[in-house]
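Since the structure comes first, as structure tokens, the remarks are kept for the end.
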Amino acid sequence: MRPLTRGGNVEVNRIEKRDVGQYSSDHHKQRRQLESLTVPNSIRLCTGRNCSITDNTAERTNEGFLEYYNKTTLQWVPMCDNRFTERNAQVVCRELGFDPINVFFAHDRRVEYHSNSLSRIWSWPEPLQCVGTEDRYDDCPIRLNGQLYGHRHECKWDSEFVFIHCGTRNLEENLDYWGGIRFANPEFEYSLYEHRIHNHHTHETMKKSESDLIHLHIIGAGILHNEKSPAIQSIIKNPSIRNVNITKCAHHGINLISPTDSINMMFNTVNDILGEGVSAISLNGEGRESDESSFTPLKDLNLPYHLFSLIDICDSTKMVTVEERVLLYYKYDNNPVNCVKIFKSMFRVKPFGFRLLQFNLFNHTQNYGKRDSLSLYDGDIYNITAPMIGYLENGSPDEKKLFKTEGASLSVSLFANGASAVHGFIAEIVTLPISAIGFNRDVQHNISNSEFIKNRDGAITYQSVGEVNPLVAITRNEILNNCLKLYGNFTSCPAAVRVDVQNTQTLVFRNNLVRNNVGGLLVRADSRGSATSLRGWIHNNLFFANHDLPCLKVEGRQSSPYQEVTIYRNYFTRNRVPFSDVIILRQVVSNFTYNYVHDNTGMRILEVSGFDKVRLPIYQTTSHNGFYKNYATDREGRATVVAGTAGQNYVDNIFFNPDNDYEMITVNRSISLDLWRTRIDAKHNFWSYNETLAVAGRIRDQSDNPLLLEVDYRPFYMNNHTVLGGGKCPPGWDAVAGTCYMYVGAPMTYEEARLFCLSDNASMPYVSGNYEALYEFISRQNQWFQYGDRVWVNHIDYVTQCTSFAFSNVEITDCNQKNAFICEIDPKIMIDPMSWRGDTLAVAFIGVLIAAVLLVGAALICWYSKSKHRHVQRLERRNSIRQSLHSVRSIGSINGGFPDTPYRRKLAQMSTRSTDTLTKGSDYRKMLASTTSMESMEKSQFNSSLDDNQSFDIYEAHNPNPNVMPLTHTTFVKKPITPEYSVPQQNNNRPYNLAFRNEGYRDNSGTASGAPSINTVATEEIPILHHPEGLRSPPDEYTISLELERQGKIYGAYGAPAGSYGAPKLSFLMELRSKMPEQPQAGAVPATTFGQRNNVADQQQYYEDNLPSPPHPPVYSSAYDTTTSDNIPSYDSSPHDLSREFDDSPLPELHHRSKSEALLETNFDFEDSEASPVPMSEASRSHSQPLETAM
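Under the numbering used here, the first residue of the sequence shown is numbered 30, with each subsequent residue one higher.
Okay, structure coming up:
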């Protein structure tokens, strides 16, 4: 900002002082030198310790606290004059070199002062009263009433000091301001009933004609007769103002005072003015003669001087004749006044009534002298017999009283000192009885489709006072960059839009853009009765990037009726209010619902309070709102919501503010009694956590401090699916055609709307069809949506052009037109894994797929099972053939049946190698302990050689070899053995281990008899018997025994059923016993006896724990050794028996094994515990080695 250079002699009152540097050596000398001090001005502005004029420099600072230089004491003295006026501020700015047309002043404490800051000030200057045209502040005279009764003027350290802001001129230097346009009555009194007069020419009632102001551009208005004046002013008139552009004015843009009928202000632009964009005040007054007014008189009023059609109490006219009603006013100036007005009733018949509409006399209670006051007299004041009927001063309890006279005259006397222009009073003087027939109850004041940009004192100020007031509608306006943020907490206005209404039934504030202002919307409401209580609707507004003051504050006054306000589908985003709450709802019946509160910063985000002694839960409801990523700054409790009243209701809200300490806090309940009985109902909300302790940690209530109110938050939502719109969209957003839309009713150009959506991580949607669903969505969002309203959207066919939706079509629209718009975000998709159940085709396809997979799986299982079974059969068949061949060869070799010498040599080599292998207990034990199978053994020993490839005829051996040593035996299963055929063996010191399943040959003859199955006693000699039908090889019973057992068929030898050859087997055994030679060792007990019974008790036989690791010798059994007798043992190598043999040792999994495999693992090289201790000879050992077969 560029200050103005003041013409004239700058050397006047010039004082020079030595230049002392901060770090010079002379700076610390105690010697004081009084030299010339250069002070260009006698005043300065200081912000903190930074002042516009210091000892060394003179900076041009345009704002700060005012300090006056005392030339006598050479001290800068701060100014704390509470009667400081705008005219004084103009002189200060002029002296500092700034234009005096744009000044702002206020009072507040200086935070840098403490109790001793002003103790060294010797003398305080007297307050001055300036006219406003002086060049220097010293030129202003001393206020006449500054020193009364010896009072000494001084300032305390905690006093409120004068703050001044000097702004720039908003009009070019070469242009001068001019007055403006005014609509007013030529007389003080106007007719209220002319619409009831019959016109004898037209035979109709008379119609009032009002002015129209349309298509007008006003620049540089605002100064009339050296006083500030609005560009357009209407006093007790009702003009129509449309399409008017007002810019660069020195005062208000449009000023409406006491309109009597409806007012429509549409399509106007008020830009860059040094006042309020629209300043309207409705002064309807009271229509009844009640002793007490149904309203509270207004306080501060920012009205211009010289209001035509209203009576100034200090004008030159002393006596006024009144027929029905006149308005009397006074606006404070810098000079003291003592004025009188005398009112006479027409025809000297009707008495008078005096009622205050605005009453804001200066508060003089802390000062000496006569106080500012109003005195009322019944009659002529100059008549000493006229009694005083009223005395009013600031704070008087009679400010709402109706003062009545007995006679037909009334005198009003005012005494006032100088003070700020916001002080004053307005009163209505009426004749009794009151004639209120002219008041229309259907009056509406409409401000719509207008722009208010960069107005210093705010965009809109609307105030009403009276028994019944008009309906107010503020719709589709663009409110940008209004009010100034000054030093510290100073602002040039309390809010961009300020509505202070009483007894107003309806207030509508909808589809407005409130952007980048100091504060947003401030509503104060009051009413005397429920019939005139407020019903307010704040719908579809966008509060965006406002700062320093609350963006929404709705406040009810201390009265019995309740003011109800519905705050619905508004968008609050990026508002920055570090020293106040962002949204305040205080003592109103509030319904805060479906609002989107996102990315705001304030002490708290939402404060809902008031009704301290009310316990009903119906007054304040907050539901279906989304609070996302807001940041609170209050050090006492950084919380999103402040619940200040018992009985509030919060439901279906989403709280996701991770940067805040709490989502909700309550206030101290000690101010009221028994409030603890009424909880704050906060059930069914989503708190961003699904655990009770976590949710409780986000709420500060009675559980944290017994003096706080209690919050009932259970049950709460475990997730946000329930409260999302359509299950997909956050609160404030609605699901449309599978995506999330938000209707933003604020008017913007196409480019502004598109950029706004992008800034909130959204986009403007592309619409190419389904217009009916879009129209229904907009109608739900905006109940006032009309046929011609347009909404910005994109169209796929007009990508490079601006398009808007209107009713049922998308059309190309001017990009600079201001319309509402739609933003789109991606839905919060929650995939249901069972959603396919509702699709018949999907169910059928999945069923077919599952069936196919099952069929393929079944086929694979069958193939695997069959393949495994075939492999087992193949191995069993191969092993059985090899065992049969080797057994036959072994028998032939032993009995001389094989004359081939090489074959005998090979058998001897095989026996030697096998003996070496099996006698090495340690190596063989290691092999058995491993998981490998017996297939690791050498197969070449059993491969057929050239000598083996020959056929042999098997004949019965009539002369068995007498040199064959009877072999010891062992048992495989833990079963009782028949004493007739075996001797109990006890050798429990050697472990028994099976390397793999090998069940060998199995005799199933015992199944028919039911006798217990035991291992059959065998030797290496296999007798060859004659058969009646001829000689044949015994069938491989053991190869097919497992398969036959599975089929339930067990066959005996030669394919006959088991047990069919029982008798021949018994005779064979007896014959074989008679032919067996006796054991040559003396005293040895044979391991097995045939045909005789030993007197040995039955014993359980166990595997010997200390047996060496080589396997047990194979047991060969003839097909004829099966019998049906109970005493004849048979093979039973079932897995059940084998599993019982081992108690603790970890064995590999046991499965069905052939007997041939088990027999091949049998070791013949052990000594029976009961046999003769004489060891075997090497020759005998060669005939008793097991078969070493690789499987």
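We put the CB at the ideal spot given by N, CA and C, even for glycine. Computed from a predicted structure; not experimentally measured.
Query, Result
"Beta-ladder partner(s) of His232, from DSSP", "Note: His232 sits in no beta bridge, so no partner."
"For Asp168, three-class secondary structure by DSSP", "helix"
"Phe836 versus Pro426 - alpha carbon distance", "57 Å"
"Coarse secondary structure for Ala574, derived from DSSP in three states", "coil"
"Three-state secondary structure assigned by DSSP to Arg586", "coil"
"The alpha helix (DSSP H) enclosing Arg123, as first and last residue numbers", "Glu115 to Glu124"
"Contact between the stretch 479–488 and the stretch 299–309 (3+ Cβ pairs under 8 Å)", "yes"
"Per-residue burial, Arg615 [other beta carbons within 10 Å of its own, 16 or more giving buried]", "buried"
"Closest residue to Tyr770 among Thr630, Pro687, Asp730 and Arg809 (Cα-Cα distance)", "Arg809"
"Top-ranked residue by Cα proximity to Gly767, from Val740, Ala802, Gly774 and Tyr746", "Ala802"
"Proximity test, Ser837 beta-carbon vs the ligand SAH heavy atom, cut-off 7 Å", "The model on display carries no ligand, and the ligand SAH is accordingly not part of it."
"Sheet register partners of Arg553 (DSSP bridge)", "Asp529 and Glu584"
"When Glu183, Ile248, Arg172 and His227 are compared against Glu201, the one with the closest alpha-carbon", "Ile248"
"For Leu722, the first and last residue of its enclosing beta strand (DSSP E)", "Taken as a continuous stretch (DSSP letters only), Leu722 belongs to no beta strand (DSSP E), being part of the alpha helix (DSSP H) at Thr721 to Gly726."
"Backbone CA spacing between Ser322 and Gly316 [nearest angstrom]", "10 Å"
"First and last residue of the uninterrupted alpha helix (DSSP H) at Arg809", "Tyr800 to Gln810"
"Rounded straight-line distance, which links the Cα of Pro416 to that of Val378", "19 Å"
"Cα-Cα separation, Phe481 to Leu578", "18 Å"
"Residues bridged to Val637 (per DSSP)", "Leu614 and Ala672"
"Collapsed DSSP secondary structure at Trp821 in the structure displayed", "strand"
"As assigned by DSSP and simplified to three states, the class of Ser1183", "The predicted model places Ser1183 with a pLDDT of 49, which falls under 50 and marks its position as unreliable; any figure quoted below should be read in that light. Correct three-state label for Ser1183: coil."
"Chain-order list of residues whose beta-carbon lies under 6 Å from that of Asn423 (same chain, five-residue window excluded)", "Leu390 and Asn392"
"Candidates Ile596, Arg633 and Val724, of which the one nearest Thr622 by Cα", "Ile596"
"Contact set for Asn978: own chain, Cβ-Cβ below 6 Å, skip 5 residues either direction", "Only weak support exists for where Asn978 lies, its pLDDT of 42 falling under 50; the value from the coordinates is given anyway. There are no such residues."
"DSSP-derived helix/strand/coil call for Ile841", "strand"
"Gly436 beta carbon less than 8 Å from that of Asp401", "no"
"Residue from Ala502, Ser404, Ile150 and Leu737 whose Cα sits closest to the Cα of Trp186", "Ile150"
"Three-way DSSP call (helix, strand, coil) for Leu298 in this model", "Rather than Leu, the amino acid found at residue 298 in this sequence is Thr. Reduced to three states, the DSSP call for Thr298 is strand."
"Proximity to Leu421 [Cα-Cα], best of Val451, Arg384 and Thr414", "Arg384"
"Simplified DSSP assignment, three categories, for Gly876", "helix"
"Assigned exposure category for Arg181 - 16 Cβ within 10 Å defines buried", "exposed"
"C-beta contact flag for Gly495 and Tyr358 at 8 Å", "no"
"Buried/exposed call for Thr276, threshold 16 Cβ in 10 Å", "buried"
"Alpha carbon of Gly517 to alpha carbon of Gly548, nearest angstrom", "15 Å"
"Sub-8 Å separation of Tyr97 and Pro154 beta-carbons", "yes"
"Anticipated Cβ contact below 8 Å, Trp712 with Val680, distance rounded", "Trp is not the amino acid found at residue 712; the sequence shown has Lys there. Contact flag correct, Cβ pair sits at about 7 Å."
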